[in-house]
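The next block holds one structure in the form of structure tokens; read it before the comments.
2 protein chains.
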Amino acid sequence: MTPNLDSLSAFRHLCRQHGIAATHQRQAVYECVMESNDHPTPELLHERVRRRIPMISLATIYKCVHTFMRIGLWKEASLHHGPVRVDPNLRPHHHLVCRMCGSMTDISHSGVDLLRIFGKLPRRFRADTVVAEILGTCVDCQIRRR
Amino acid sequence: MTPNLDSLSAFRHLCRQHGIAATHQRQAVYECVMESNDHPTPELLHERVRRRIPMISLATIYKCVHTFMRIGLWKEASLHHGPVRVDPNLRPHHHLVCRMCGSMTDISHSGVDLLRIFGKLPRRFRADTVVAEILGTCVDCQIRRR
DNA sequence: TTCGCTGCAAAGGTTTTGCATCGGA
DNA sequence: TCCGATGCAAAACCTTTGCAGCGAA
Chain U
1 MTPNLDSLSA FRHLCRQHGI AATHQRQAVY ECVMESNDHP TPELLHERVR RRIPMISLAT
61 IYKCVHTFMR IGLWKEASLH HGPVRVDPNL RPHHHLVCRM CGSMTDISHS GVDLLRIFGK
121 LPRRFRADTV VAEILGTCVD CQIRRR
Chain C
1 MTPNLDSLSA FRHLCRQHGI AATHQRQAVY ECVMESNDHP TPELLHERVR RRIPMISLAT
61 IYKCVHTFMR IGLWKEASLH HGPVRVDPNL RPHHHLVCRM CGSMTDISHS GVDLLRIFGK
121 LPRRFRADTV VAEILGTCVD CQIRRR
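Residue numbers (our numbering), protein chains in the order written: chain U, 1 to 146; chain C, 1 to 146.
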């Protein structure tokens, strides 16, 4: 059973669990993200955290974000960001995305109408497309690794 | 009925339909993408197109890609690329992504097990996650626009 | 005290832009 | 001929990195 800790010691506990130092920069970044309802970019996070620690640098934000992702506390919401990729296939289809090399392969729509599955979306959001992104490891990277 | 045209005049026809000039650079970029089975980045496309037009610049590749996307011939396979976005929500969930402002909102998993729906994936791809990305226009942008 | 973390500044990678020139219609 | 497209170079944007000094343990 997790002990009922206040915010500060809960954060220290978390850091100890993962073997990282509990700096106040990390705590501020952590709390700002956990209080967010959106999915902030490092830039936006920097703005928010600076209200508490005016001198914190953007590089530190990036480092904190990577650290928390590495230890599995957060994920990257923006899948396969990086260079644009062109898709000339206009028929509905989904993507197999390799986490290691970033390669993308189409797979057919196969009669799965996701817009129907997600029929009860928030009424206020005007949806036009639903794409399934299937993340994993491609054949080449399975062979190549280790 | 579309006339049966050879490659060159088919391309000219397409350009005329969309009111853009049929330059040989655009034709080479167009053909390279249409012959691709992957989803090339501008960089990779540049390499490939240079086999035909050694002096073509990377800026032209970017401009062509934007043009073909603008007229609706191609899409962007890499959804919401750009700055990283942090996602501290570790429970399975999907995303509402606004095409205009890039904002992302979580929607609940709602019992839809996409990995089961996509049960018959290519055996060789080792899938670990399926995320549905629901693209459209958020409330704020619906109000803001025009 | 020690080692990991921060802040700064520089560099790396991707994309856009301004402008002179070229070429398609 | 005319206007839009290209090529180049510079700038803008996003992210990573190296290193000296700081601070958590």
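The beta carbon of each residue, even a glycine, is placed where N, CA and C say it ideally should be.
Start-to-end residues for the alpha helix (DSSP H) that takes in residue i
{"i": "U/V131", "result": "First-last for U/V131: R126 to T137, but that is the beta strand (DSSP E), not the alpha helix (DSSP H)."}
{"i": "C/A59", "result": "L58 to R70"}
{"i": "U/A28", "result": "H24 to M34"}
Three-state secondary structure assigned by DSSP to residue i
{"i": "C/C98", "result": "strand"}
{"i": "U/H93", "result": "strand"}
{"i": "C/E76", "result": "strand"}
{"i": "U/D87", "result": "strand"}
{"i": "U/R12", "result": "helix"}
{"i": "U/P42", "result": "helix"}
{"i": "U/I20", "result": "coil"}
{"i": "C/R48", "result": "helix"}
{"i": "C/R144", "result": "helix"}
Distance between residue j and residue i (C-alpha atoms, nearest Å)
{"i": "U/N4", "j": "U/R126", "result": "Its pLDDT being 41, under 50, U/N4 is placed unreliably by the model, and the measurement read from it follows with that caveat. If you take the alpha carbons of U/N4 and U/R126, they lie about 42 Å apart."}
{"i": "C/W74", "j": "C/E47", "result": "19 Å"}
{"i": "C/Y30", "j": "C/A10", "result": "12 Å"}
{"i": "C/L135", "j": "U/L90", "result": "15 Å"}
{"i": "C/S103", "j": "U/R99", "result": "23 Å"}
{"i": "U/R16", "j": "U/V130", "result": "40 Å"}
{"i": "C/T23", "j": "C/R51", "result": "17 Å"}
{"i": "C/R85", "j": "C/T105", "result": "11 Å"}
{"i": "C/D128", "j": "U/D140", "result": "16 Å"}
{"i": "C/M55", "j": "C/F68", "result": "21 Å"}
{"i": "C/I107", "j": "C/E133", "result": "10 Å"}
{"i": "U/A59", "j": "U/H66", "result": "11 Å"}
{"i": "U/R12", "j": "U/R26", "result": "10 Å"}
{"i": "C/P92", "j": "U/T41", "result": "21 Å"}
{"i": "C/A21", "j": "C/N37", "result": "26 Å"}
{"i": "C/R144", "j": "C/H109", "result": "29 Å"}
{"i": "C/Q142", "j": "U/Q142", "result": "44 Å"}
{"i": "C/V49", "j": "C/E35", "result": "11 Å"}
{"i": "C/V33", "j": "C/G82", "result": "22 Å"}
{"i": "C/L45", "j": "U/A28", "result": "42 Å"}
{"i": "C/S57", "j": "C/H39", "result": "20 Å"}
{"i": "U/I53", "j": "U/L14", "result": "21 Å"}
{"i": "U/H94", "j": "U/R124", "result": "25 Å"}
Residue interval of the beta strand (DSSP E) (run including residue i)
{"i": "C/I107", "result": "M104 to S108"}
Rounded distance between the beta-carbons of residue j and residue i, thought under 8 Å
{"i": "C/E43", "j": "U/D87", "result": "Contact doesn't hold; Cβ gap of about 16 Å is too wide."}
{"i": "C/N71", "j": "C/H18", "result": "In the sequence as presented, Asn is not what sits at residue 71 of chain C; that position holds Ile. So it is a contact: roughly 4 Å between Cβ atoms."}
{"i": "C/C64", "j": "C/C101", "result": "Not confirmed; about 26 Å, so no contact."}
{"i": "C/L79", "j": "C/V97", "result": "6 Å"}
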